[in-house]
Structure formats: C-alpha cells, structure tokens
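The sequence shown runs 15 to 292 under the numbering used here. In this text, a Cβ means the ideal position worked out from N, Cα and C, and glycines have one as well. Note that the coordinates shown come from a computational prediction; the quantities given were computed from them, not determined experimentally. Okay, structure first, notes after.
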Amino acid sequence: MPIYRLLLLIVILPALAACAVATPAERKANVEALATGTMTPAYLQTRQFDLYSLRRTNGPQDLLVVYIEGDGLAWRRIDEASPDPTPVTPTALRLALSDSAPAVAYLARPCQFTDEARRRNCRTALWTSHRYGEDVVAATGEALDMLKRRAGAQRLGLVGFSGGGAIAALVATRRDDVAWLKTVAAPLDTSAFTGHHGVTPLVSSLNPAGMGAALGDVPQHHYAGADDKIVPPSIAQSYMARLPSRRCAVLHVVAGAGHHDGWEKNWPVFSTKTPTCR
Numbered sequence: 015m016p017i018y019r020l021l022l023l024i025v026i027l028p029a030l031a032a033c034a035v036a037t038p039a040e041r042k043a044n045v046e047a048l049a050t051g052t053m054t055p056a057y058l059q060t061r062q063f064d065l066y067s068l069r070r071t072n073g074p075q076d077l078l079v080v081y082i083e084g085d086g087l088a089w090r091r092i093d094e095a096s097p098d099p100t101p102v103t104p105t106a107l108r109l110a111l112s113d114s115a116p117a118v119a120y121l122a123r124p125c126q127f128t129d130e131a132r133r134r135n136c137r138t139a140l141w142t143s144h145r146y147g148e149d150v151v152a153a154t155g156e157a158l159d160m161l162k163r164r165a166g167a168q169r170l171g172l173v174g175f176s177g178g179g180a181i182a183a184l185v186a187t188r189r190d191d192v193a194w195l196k197t198v199a200a201p202l203d204t205s206a207f208t209g210h211h212g213v214t215p216l217v218s219s220l221n222p223a224g225m226g227a228a229l230g231d232v233p234q235h236h237y238a239g240a241d242d243k244i245v246p247p248s249i250a251q252s253y254m255a256r257l258p259s260r261r262c263a264v265l266h267v268v269a270g271a272g273h274h275d276g277w278e279k280n281w282p283v284f285s286t287k288t289p290t291c292r
C-alpha cells in the first residue's frame, strides 16, 4: 500500500467519519482567527511558490524562531489526493502561539492556505510523493531568508511539526545561520518510517537521517510522543542512531503525547529549552 494511502487511513478517515472537513477557505479563516491580534500574515514569493506566513516581532531581534507546518491534508479519499493540502489541524501554529520568544514566525508548506491566484506551480506531488523533495526544501530556504530579513534577525531557531520537522532538518543542512533545531513528532528517518508501516519508500523525497554529517554539529532537540501511532519514537531513535555524534542531539520521548495531542499543553515549557552541544 502506498504510504500516503496508509496515512490517510490512520489520520484522515477517522476525522471524516466524525465530521465534515472544513473547506480550504474555512481552514485559512480559522488560522487567521487564532492569530488575530498577535501575528501578522504575509505571502512570501519564492522562485516557485507563494508561501503563507505569520509573524510576531517586537523590534529587531538577534534570533527569529520559525515554526514549519506539517504535511497537511494530503489525501481526500483512499484513492484520490487532496486538491488542497491546507491542514485541518494547524498544530505548528498552535505551538508558535504558545511560544513566548520575542520574535516568532509561522511558515506553511507550499500550496497551503493559498487561493487560485497564489497556486503557481502547485501539483499534488508536492504534498504526496515529493513532500520532502528538492523544490520544497529550496522554497522553504528562500522563505526563511525573507522572514529573517523582515524581522531584522541574524540567526534562526527552527521548529518543525511532523513532516515540517523533516523539512526543518533538511533546511538546516544548507544554512550556517541556524542556531538550533527542534522537531515534534517528525519522521526524521523516512526509510525507517516507511519500513515501519510496510509501505513504498519515499524515493522522490530527501531523508534527514542520511545527512548526519551536515546535521551532527547543529544543536537539536527532538520530541516524540510515547503514544504516537503515526510517527512512533522508534523513527526518531533510528535518526539518532545514524548521527556521527550525539553531542549536539537529544531525544525526548513524552509520556501521554500522541501525534497531534499532548503537545500544546507542554509547549510553553518545551519552547524555553534551548538546545546546546555538550
């Protein structure tokens, strides 16, 4: 079974059974309602895509903390990709809103929260087979440059939820301004992830676990939910095992946390923990 269909069965179908999925416009309205009065929205025009963002700053800061959203709604039915990957549950945004750092931004993935006028180059592969591919990683890097410049920041702290954690790690391999990296419920070893579920490998995506040489010196904390059935702790453990050194990396397995649940209540504390190398 292809991986995307498996994840649809695990994540999306129970939600569809419980209630109708909100339209993309309703999902965007929900996000902007959550951020009203605290974060300012903007579209970031990269070479290929227009990426949706939200930002909160209190004047120029040395460090900008950027939260990268997960994969979103990738599949509408078991045999049909979603025409719009805008997330139903914007977990990364909820984490960003609970972060008390003076400069915080939220960055959506390509084609999330975009109307027809801003969907240039969008295609379903970007949120299915190529979700961690070169085009997505490159566009994220360009968007981070824009956010950093607009915030007047010198360094970045990257936080990625679920698939956004894989993107954050991949971006960190290409930059020298990443102060630290945090991931939450992230498939950091995509080979271990597909192997765990017995599905088709993500051959058109990049694998953070294969880039240990570039990530080994990046201060990093990884959070895995003890009750996460989608990305169990073994996936992050596999990533950790492939690092050339663990002096900069710590894995936290959080009791009572699943894939989406259990993070928001813990994040006001977890967000204050700064990764360092030992």
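Distance, T208 Cα to T214 Cα:
The sequence position of residue 214 within the sequence shown is 200, counting from 1. The sequence position of residue 208 within the sequence shown is 194, counting from 1. If you draw a straight line from the Cα of T214 to the Cα of T208, it comes to about 6 Å.
Just how far apart, CA to CA, sit N280 and R61?
Counted from its first residue, the sequence shown places residue 280 at position 266. Counted from its first residue, the sequence shown places residue 61 at position 47. When only Cα atoms are considered, N280 and R61 end up about 37 Å apart.
Taking C-beta to C-beta, are Q234 and P289 nearer than 8 Å?
The residue labelled residue 234 in the question sits at position 220 within the sequence shown. The residue labelled residue 289 in the question sits at position 275 within the sequence shown. Yes, these two residues count as a Cβ contact at 8 Å.
Meets three-Cβ-pair contact criterion under 8 Å: the segment 148–159 and the segment 69–76
Result no; under three Cβ-Cβ pairs closer than 8 Å.
Alpha-carbon spacing of A119 relative to S112, whole angstroms:
Working through the sequence shown from its first residue, we reach residue 119 at position 105. Working through the sequence shown from its first residue, we reach residue 112 at position 98. So the two alpha carbons sit approximately 12 Å from each other.
I'd like to know whether the C-beta atoms of L265 and L229 end up nearer to each other than 8 Å.
As a working note, residue 265 is residue 251 in the sequence shown. As a working note, residue 229 is residue 215 in the sequence shown. No, these two residues do not count as a Cβ contact at 8 Å.
Going by DSSP in three states, L30 sits in which element: helix, strand or coil?
One-based indexing of the sequence shown puts residue 30 at position 16. With a pLDDT of 44 at L30, under the threshold of 50, the predicted position of this residue should be treated as unreliable, though the coordinate-derived value follows. Correct three-state label for L30: helix.
Terminal residues of the continuous beta strand (DSSP E) containing R70?
Position 56 of the sequence shown, counted from the first residue, corresponds to residue 70. Note, R70: beta strand (DSSP E), D64 to T71.
Rounded C-beta distance between P101 and L87? I'm assuming under 8 Å.
For this step, residue 101 is matched to residue 87 along the sequence shown. For this step, residue 87 is matched to residue 73 along the sequence shown. For a cut-off of 8 Å, the C-beta gap from P101 to L87 is around 6 Å, short enough to register as a contact.
With DSSP run on the structure shown, which of helix, strand or coil describes G179?
On the sequence shown, position 165 is the one that residue 179 refers to. Looking at G179 - three-state DSSP - the assignment turns out to be helix.
By Cβ distance, which residues of its chain are closer than 8 Å to V150, with the 5 residues on each side in sequence left out?
Taking the first residue of the sequence shown as position 1, residue 150 is located at position 136. Closer than 8 Å at Cβ, skipping near neighbours: R123, P124, L140, H144 and I181.
With distance defined between alpha-carbon atoms, name the residue in L78, L109 and D76 nearest to L48.
Within the sequence shown, numbered from 1, the residue matching residue 48 stands at position 34. Cα-wise, what sits closest to L48 is L109.
Can you tell which of E94, L58, T105 and G226 has the C-alpha that lies nearest to the C-alpha of Y81?
The sequence position of residue 81 within the sequence shown is 67, counting from 1. Of E94, L58, T105 and G226, the residue nearest in Cα terms is T105.
Please report the straight-line C-alpha distance between A152 and R134, rounded to a whole angstrom.
Indexing the sequence shown from 1 puts residue 152 at position 138. Indexing the sequence shown from 1 puts residue 134 at position 120. Taking the CA atoms as reference points, A152 sits about 16 Å from R134.
8 Å Cβ cutoff met for Y237 and D203
In the sequence shown, the residue the question calls residue 237 occupies position 223. In the sequence shown, the residue the question calls residue 203 occupies position 189. Taking 8 Å as the Cβ cut-off, Y237 and D203 do not qualify as a contacting pair.
How about Y146 and L65: do their beta carbons lie closer than 8 Å?
Here residue 146 corresponds to residue number 132 of the sequence shown, with the count starting at 1. Here residue 65 corresponds to residue number 51 of the sequence shown, with the count starting at 1. L65 is positioned such that its CB atom lies no closer than 8 Å to that of Y146.
Cβ shell of F284 (< 6 Å), same chain only, five flanking positions each side left out:
Translated into the one-based positions of the sequence shown, residue 284 becomes position 270. Leaving aside the five residues that flank F284 on each side, none in its chain has a CB nearer than 6 Å to its CB.
Whose CA, out of V198, Q126 and W89, lies closest to the CA of R41?
Here residue 41 is taken as the residue at index 27 of the sequence shown, counted from 1. Out of V198, Q126 and W89, Q126 has the C-alpha closest to the C-alpha of R41.
How would you call A255, buried or exposed, if buried means at least 16 neighbouring beta carbons within 10 angstroms?
By one-based count along the sequence shown, residue 255 stands at place 241. A255 comes out exposed.
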